[in-house]
Amino acid sequence: MKKHLFRWLLIWFCTEVVLVVVITLLFALGLILIELLVYPLALGIGGLLAALLASWLANRLVDDGCYTAPMAVTAVSLLVALIWAIVLLLIDVGYIINLPPIFYSISTATILAVTATVTSNRLRRVQPPRPQETRRLLRWLLLSFLAIPVIIYLASLVGWAGA
């Protein structure tokens, strides 16, 4: 770990930057969707993106002869994303803390980036890469981004969307 500390920090930083941009854009959907839909949608996509990006970068940048399975990292990232979505909903619904929206996107990006990076480091094993695993995750990520307009449309049908 000490030998590759700079590379792991680079993996975290890249994941953090991408997630801040994507999650901030997804949280902007709060202008037309209710928070009950925005938080799980943004955190689900963020969890998938964080896991895929961190495991992909780990497999490319860290040359220790090991491989990180993206599906394992995705499971942990999505679990953390689900827990954080529930916390954000409780904060928002309960009016516990009145924070600016950028706090939600930056804290979400940081939590998911740290989770994905640490999980990618901890779950490295000496095993051959499985390209079908990465392709499957890329399909899920594409479907999750395509789900955004579908969710907005369905929410508009029941009156949960509109600006």
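Residue 10 is where the sequence shown starts when you use the working numbering, and the numbers rise one by one after that.
Backbone N, C-alpha and C fix where the C-beta goes; we use that ideal spot for every residue, glycine too.
Separation of residue 144 from residue 133, as counted between CA atoms: By 1-based counting over the sequence shown, the position of residue 133 is 124. By 1-based counting over the sequence shown, the position of residue 144 is 135. Rounded to the nearest whole angstrom, the C-alpha separation of residue 133 and residue 144 is 19 Å.
Delimiting residues of the alpha helix (DSSP H) encompassing residue 163: By one-based count along the sequence shown, residue 163 stands at place 154. Where residue 163 is concerned, the enclosing alpha helix (DSSP H) stretches over 140 to 166.
Backbone secondary structure at residue 42 - three-state DSSP: The residue you call residue 42 lines up with position 33 of the sequence shown. Of the three classes helix, strand and coil, the one that applies to residue 42 here is strand, per DSSP.
For residue 170, the residue or residues it bridges with in DSSP: As a working note, residue 170 is residue 161 in the sequence shown. DSSP output for residue 170 lists 42 as bridge partner(s).
Pairwise C-alpha distance: residue 97 and residue 48: Residue 48 sits at position 39 when you count from the first residue of the sequence shown. Residue 97 sits at position 88 when you count from the first residue of the sequence shown. Using only the alpha carbons, I get a separation of about 7 Å.
Three-state class that DSSP yields for residue 104 in the structure shown: Position 95 of the sequence shown, counted from the first residue, corresponds to residue 104. Three-state DSSP puts residue 104 in coil, outside helix and strand.
According to DSSP, residues forming a beta bridge with residue 133: Counting from 1 along the sequence shown, the entry for residue 133 is found at position 124. Paired residues: 77.
Start and end residues, alpha helix (DSSP H) containing residue 71: Here the question's residue 71 lines up with position 62 in the sequence shown. Per DSSP, residue 71 lies in no alpha helix (DSSP H) and is assigned neither H nor E.
Pairwise C-alpha distance: residue 100 and residue 71: Residue numbering aside, residue 71 sits at position 62 when the sequence shown is read from its first letter. Residue numbering aside, residue 100 sits at position 91 when the sequence shown is read from its first letter. C-alpha separation (whole angstroms): 38 Å.
Contact check, residue 79 vs residue 60, beta carbons under 8 Å: Along the sequence shown, read from residue 1 onward, the residue named residue 79 stands at position 70. Along the sequence shown, read from residue 1 onward, the residue named residue 60 stands at position 51. Yes, Cβ-Cβ distance for residue 79 and residue 60 is below 8 Å.
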